[in-house]
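Residues 82 to 837 in the numbering used here are what the sequence shown spells out, letter by letter.
Note that CB positions come from ideal geometry on N, CA and C, so glycine has one too.
Let me begin by presenting the structure, written as C-alpha cells, before commenting on it.
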Amino acid sequence: MSTKYIGQPISRVDGRAKVTGQAKYAGEYNVPNLAYGVIVSSAIAKGRITNIDSTKALSLNGVLQVFTHKNAPRTAERDENYWDEVAPPGSPFRPLQNDKVMFSGQPVALVVAESFELAMYAASLVQVEYKIEQHVTDLDQVRNEAYVPRPREGIDPPAKPRGNPESALAGAPVKIEVEYSAPVEHHNPMEPYATTVLWEGDSKLIVYDKTQGSVNNHDYVCNVSGLSSDQVRLLSPYVGGAFGSGLRPQYQLVLAVMAALGLKRSVRVTLRRQQMFTLGHRPRTIQNVALGAATDGKLQALIHQAIAETSQYEDYSEPVVNWSGELYQCDNVKLGHKVVHLDFCTPCDMRAPGAVWGLYAIESAMDELAYKLRMDPLELRLKNYTERDLNNNKPFSSKELRECYRQGAERFGWSKRNPEPRSMRDDGSLIGWGFATGAWDAMHFPASAKAVLSADGKLMVGSATADIGTGTYTIMTQIAAETLGLPIEDVTFKLGDSTLPKAPVEGGSFTAASVGTAVKQVCDKVRGKLFRVAQTLPKSPFANAKLEDITFADGHMMLTSDPGRSVSIQEAMRHGGLSSIEESADAAPDEAKRSQYTLHTHSAIFAEVKVDEDLGTIDVARVVSAIAGGRILNPKTARSQIMGGIVWGIGMALEEESVVDHKFGRFMNHNLAEYHVPVNADVHDIDVIFVEEHDSIVNPLGVKGLGEIGIVGVAAAIGNAIFHATGVRVRDLPITLDKVLAGVAVPKREILAPAA
Ligand code: MOS
C-alpha cells in the first residue's frame, strides 16, 4: 500500500455516485408535500407590463399561487442586498419586483401548483399585456456609443498605454490592421438551473440549489429574504456543469425561496432549456487589432481595442485586451476595452472570460502578421517572447511557455509544415496546420477548511467549495490523504454546503490553489496533534524527534531516517484517549510575495484541420495542447479539464453562436438542437502535454489551476489552421462552411499580401 496520492492519476472519488445515479442534483430532492413552480418568461425585450391576468390559472384545482410583480413580496430594496460575490457594478436584476421588462425571457410570473404538469399548463394560461418600447440588441448599431465601464472588482482595467503606439504603427515597415468579431455564446451545462427549497417550519429553509458558490448563494438568500444566517442552509453537493453560469445566484433561487416562504411549504423551481438562454452569456465582442513589425518580425506597435456588450442595468466587463500587452515584448502598446448597453440580461462569466476572446484576436492577428512577414508563426512568437510582464513591469512567478512551444511543436510535427497556404493535401482534402498561444491567471483567494479524524482512522475534511465537474472532490481527497498518510478510501471530502467553512465561489481556476491550501493547512494541524500525542506514548520512538523528522504514510507515523520505528495513527489516538481530532484552518494567499510577480498559466495549441474544398466542411483532425500550469495534482482529472476546454474551443471556432432575432430582441436558437456544440463526431485526436513547471511563489502547493487554460487560444489555432488549409481568413466566429466557401469562391483571392 502506498499513500502517495498527489500527482497520481486517481479516478474521481465521486465518479461511482455519478454514473450510478446516486448523486442527487438540485432538482432531484423529493420530499412530501412538494409544490412545483414554473416561470413565465417575458415575450418582449423591453417595455412595461400593463396588465397581468392570473385568473384562469388560479381557477384550476391544484394551482396554489401565481406570483407576479403585483403580489410578490418586496424583497430587499437596497442594491447591496442583491449584491453577490461576483456581481459587476450596477443594480442587479430583481425578479418580480416591478413592471419593467429589461430583456426577452425575463421572468414575469411564477406559477406554483401541486404538480409540475399542472404548473406548466397553468403557466400557459397567464395572460400578460405589455407596453412595448423600442429595444436595441444589435451591438453594431450602437458601437459608437461605447463607453469605459466601471471596473469590476478583481479585474484589472486595460493597462495604460506605453511608448508611442500610433506613430510607431505608422512608421512600421510591416503592419496589419484587422477587426475580429465574436458572437454571443451560452454556457448550456447539461443540468438546467434548479432549486428545491425544503420548508422546515418556522421560516427555516434547506435549499438545494445549483450553484458554484454555496456560501455566496446562502448569503444572497438571507439578504433578499431577510432571514437570518441560521435560518437558511444552502446545499449544492453535485453540479452538472456550470462553466461560470453558476457564479452568481440565478433567478430561480430567489423565486423558489419567495414561493416557499409565501406558501409555507416546500417548493421546487426548475428552468427549461429555453430559459437557460436568459441567464447571462459570453458577450458579443468586436476587436480591433493593429500590429506593426520590423521586417525581422520584431514587434514595434501593438494596439488592441475591444467593444463588448453589457445590459442596461450593470457594467459587465472582462479582461479581454491586457493579455496582448503581457504576452509579447513591445515598447509601443495601447489597449482599450469599452462596452455598450443592450437590452439583454447582463452577460456572465464563461470559462476563461475575456481571455478566450482576447487571445482569439491577438493570436489570429499574430498569425496574419506572420504570413505578411513570410515568417513561421511560431518563430514570430519566439522572436517577441518576453520574460517580463511589461504591462505591470513585473517578472513572471514562472513561465514555461517556451517549453510549451518546444514540446507541443515536437509532438505535433510542426517542423514538417509547408508554410504555403493550400499546399498540403490528404485524400482530396485541404490540410491546414495552425498554432496559437494561451494564457490565464493563477489566482489564489482566502478559503477555510475543517478536518475531523476519528479514532477508527477515518478522516473527514470539509470546505464550502464546489465541484462543477472539475475534480474538486478528488484532488482535495488526495491532498488530505497524502498529508496524513491515510488510505484514500478512509478519507471523505465534503463540499457544497453553506454550513461548512467558508470558501469562495468555484471559479477563475482558483479552487485547487485556494481550497487546496486550506485542506493542506488543516491536515498539517492534525499531523501536529497526532505527532504530539505519539510523543507521549510510553517508550515513544519519537520522544526526541521533531515533526519534520516524521513521515506519515500507510496509516502510520514513522521516523523518516528509520521507518521501522513507527506508531500507527489509530494506536496513537487510542493511547491518547482521543475519540477524534478536530481542527480548522483559514488559509490566505501570501500577497506580499505574490504581488511582486505576474502569475499566469500558459499554453501552446497546435491544430490540424481537414477542409473539404467543395463542401467547405471542416474537421479538426488533431489538437496538441502543451500546458504550463504549475504542479499537476492529478494528471487524469487535469487532462480531462484540458480536453474539455479543447472540445469547447472546437465549438467556439466552428459551431457556437447564439443567434439573435433583432426584430424581437431574443435568441432564436435557444435549444440544444439549434445551438450547436461539438459532439463525438466532431472530436478527433486530442493530445495533452503537461510541461514541468515549478513555482514556489504562486502558493505553497505550487498549483496554478487548470479549469480555464485549456480553452484559451484553441479557436485561434483552429482559425489559423483553416487559413493555412484554404487561404481564407474568416474573422468572425464561428467559422462555418458558408464563410469558408464564400472565401474560396472568390477567384484570384489575395492570399498572401506582399511583404511591404
Ligand atoms: Mo469560471 S467562468 O470562473 O466558472
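The Cβ atoms of I792 and I803 lie no closer than 8 Å to each other. Sorted by position in the chain, Q293, F324, G325, L328, D430, M431, R432, P434, G588, G589 make up the residues whose C-beta lies under 6 Å from a heavy atom of the ligand MOS. The segment 659-718 contains, as complete beta strand (DSSP E) runs of 3+ residues, the segments 661-668, 681-692, 699-709 (chain order).
Contact annotation: W521 and H418 have beta-carbon atoms that are not nearer than 8 Å.
Taking the C-beta atoms as reference points, S660 is found no nearer than 8 Å to A798. Beta-carbon to beta-carbon, M456 and G378 are separated by about 5 Å, close enough to satisfy the 8 Å threshold.
Put simply, of T617, W438, E773, E672 the residue whose alpha carbon is nearest the alpha carbon of R483 is E773. For T807 against V692, the beta-carbon gap comes to about 5 Å, under 8 Å, which counts as contact. For the segment 327-367, the full-length beta strand (DSSP E) segments reaching 3 residues or more read 348-351 along the chain.
DSSP, reduced to helix, strand and coil, places L581 outside both helices and strands of the structure shown, so it counts as coil.
Only exposed fits L463, as fewer than 16 other CB atoms lie within 10 angstroms of its CB.
Taken in chain order, the complete alpha helix (DSSP H) segments of 4 or more residues contained in the segment 204-291 are 220-223, 246-252. Around the beta carbon of G96, fewer than 16 other beta carbons lie within 10 angstroms, which makes this residue exposed. Using a Cβ distance threshold of 8 Å, I384 and L286 do not count as a contacting pair. For N132, the three-state secondary structure derived from DSSP is strand. Between P254 and A375 a beta carbon distance of about 6 Å is seen, short of the 8 Å cut, so the two are scored as contacting. The continuous alpha helix (DSSP H) containing L461 extends over residues 458-464. When C-alpha distances from V690 are compared across N245, D700, S684, the shortest belongs to D700. With 16 or more other CB atoms across the displayed protein chains lying within 10 angstroms of its CB, A433 is buried. Collapsing the DSSP output to three states places N298 in a helix. At a Cβ-Cβ threshold of 8 Å, K151 and I133 count as neighbours. From the listed residues G235, A240, V350, the smallest Cα separation to Y289 is found for V350. L206 is not a Cβ neighbour of I120, given a cutoff of 8 Å.
In this structure V100 is exposed. Its beta-carbon is surrounded by fewer than 16 other beta-carbon atoms within 10 angstroms. In the three-state reduction of the DSSP assignment, G171 falls in the strand class. In the three-state reduction of the DSSP assignment, D763 falls in the helix class. When only Cα atoms are considered, N752 and E663 end up about 48 Å apart. In the three-state reduction of the DSSP assignment, L782 falls in the coil class.
Beta-carbon to beta-carbon, D430 and G636 are separated by about 42 Å, too far to satisfy the 8 Å threshold.
Here the segment 553-567 makes contact with the segment 595-613; the two share three or more CB pairs at distances below 8 Å. Counting every other CB atom within 10 Å of its CB across the protein chains shown gives M749 a total below 16, marking it as exposed.
In the structure shown, L115 adopts coil according to DSSP, grouped into three states. The straight-line gap separating the alpha-carbon atoms of R498 and I727 is approximately 22 Å. Listed in chain order, the alpha helix (DSSP H) elements of length 4 or more contained wholly in the segment 370-401 amount to none. Boundaries of the beta strand (DSSP E) harbouring R646: 643-649, taken from the DSSP string. Annotated three-state conformation of I770 is strand, per DSSP.
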